[in-house]
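*Asks:* Please read through the structure below; I'll follow up with questions.
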Amino acid sequence: MTMKMSTGFTLIETMVAVTIITLAVAGPLFAANRAFVAARIARDQLTASHLAQEGIEYVRAMRDNEYLAAYRAGGPNISSTAWDNFIAGIESVCLSPSRCTLDPVLRAMGYGAGFAVAPYSGNAPLYLANGLYTQQNLAGGVRTVFTRTIEVSRVSASDERIVSMTSWNYHGTAYSVTTTAHLSPWQ
């Protein structure tokens with residue numbers, strides 16, 4: 731009986747080759763997927779930090795608007811009047827542990843514009859319309875993953891702590907960015 735040598739791959743050699751090729755391809759694909767996820771999270775964190783800072787700036791502008799209104803009305807103690815009006819308005823809705831939302835599109839900024847804050851209902855997504863983030867679902871607006879809330883707490887008679895938090899979910903994981911500032915009356 732003579733054995734004939736045949737050339738070719740055995741089943742085990744084929745399985746080893748397929749495994750090596752699979753690992754060689756899967757590694758870079760997994761790395762690319764993780765890079766995509768990391769880039770998406772970084773983009774969302776950057777957007778959220780801008781939205782949180784915008785919340786602080788908006789509250790600061792509300793304080794400044796109260797000063798302008800008190801200055802225009804005149805009187806002996808403009809700074810105290812403006813501060814008291816600001817505190818009464820913002821604390822009526824946003825005083826800790828309550829939170830509120832704000833919408834710069836709802837009411838224009840400027841002298842006498844008043845407050846555009848509303849109690850946080852637990853579901854207040856931001857919409858992106860014409861490059862602006864708003865609580866309003868305007869024509870052409872797109873619902874985003876972000877929610878922004880404001881919370882104020884009194885530190886002293888002349889110091890108000892403002893916390894602006896933007897939160898969102900990505901693939902079932904909750905993320906948030908918090909910005910804190912302290913406001914005081916104009917001197």
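So the numbering used here is basically just the index in the sequence shown, starting at one, shifted up by 730. C-beta: ideal position from N, C-alpha, C; glycine also.
What's the C-alpha gap between A762 and R770?
*Replies:* For this step, residue 762 is matched to residue 32 along the sequence shown. For this step, residue 770 is matched to residue 40 along the sequence shown. If I take the Cα positions, the gap works out to 12 Å.
*Asks:* In chain order, what residues of the same chain lie with their CB nearer than 6 Å to the CB of T864, ignoring the 5 residues before and after it?
*Replies:* To locate residue 864, count along the sequence shown from 1; it is residue 134. D833, V835 and Y857, listed in sequence order.
*Asks:* Quick check: A812 and A800, are their CB atoms within less than 7 Å of each other?
*Replies:* In the sequence shown, counting from the first residue as 1, residue 812 sits at position 82. In the sequence shown, counting from the first residue as 1, residue 800 sits at position 70. Yes, the Cβ-Cβ distance between A812 and A800 is below 7 Å.
*Asks:* Measuring only the C-alpha atoms, how far is E881 from E787?
*Replies:* To locate residue 881, count along the sequence shown from 1; it is residue 151. To locate residue 787, count along the sequence shown from 1; it is residue 57. Approximately 14 Å between the Cα atoms of the pair.
*Asks:* Compare the beta carbon distance of L781 and F876 with 7 Å and say whether it is the shorter of the two.
*Replies:* Numbered from its first residue, the sequence shown carries residue 781 at position 51. Numbered from its first residue, the sequence shown carries residue 876 at position 146. In contact: L781 and F876 (Cβ atoms closer than 7 Å).
*Asks:* Excluding the five sequence neighbours on either side, which residues of its own chain have a C-beta within less than 6 Å of the C-beta of V885, listed in chain order?
*Replies:* By one-based count along the sequence shown, residue 885 stands at place 155. So the list reads R891, once near-sequence residues are dropped.
*Asks:* Between S809 and V907, which are expected to be in contact by the criterion C-beta below 8 Å, what is the C-beta distance as a whole number of angstroms?
*Replies:* Sequence index remark: in the sequence shown, residue 809 carries index 79 (1-based). Sequence index remark: in the sequence shown, residue 907 carries index 177 (1-based). 32 Å between Cβ atoms; not a contact.
*Asks:* Report the rounded CA-to-CA distance for A911 versus F760, giving the unit in angstroms.
*Replies:* Here residue 911 refers to the residue found at position 181 when the sequence shown is read from its first residue. Here residue 760 refers to the residue found at position 30 when the sequence shown is read from its first residue. The alpha-carbon atoms of A911 and F760 are separated by roughly 41 Å.
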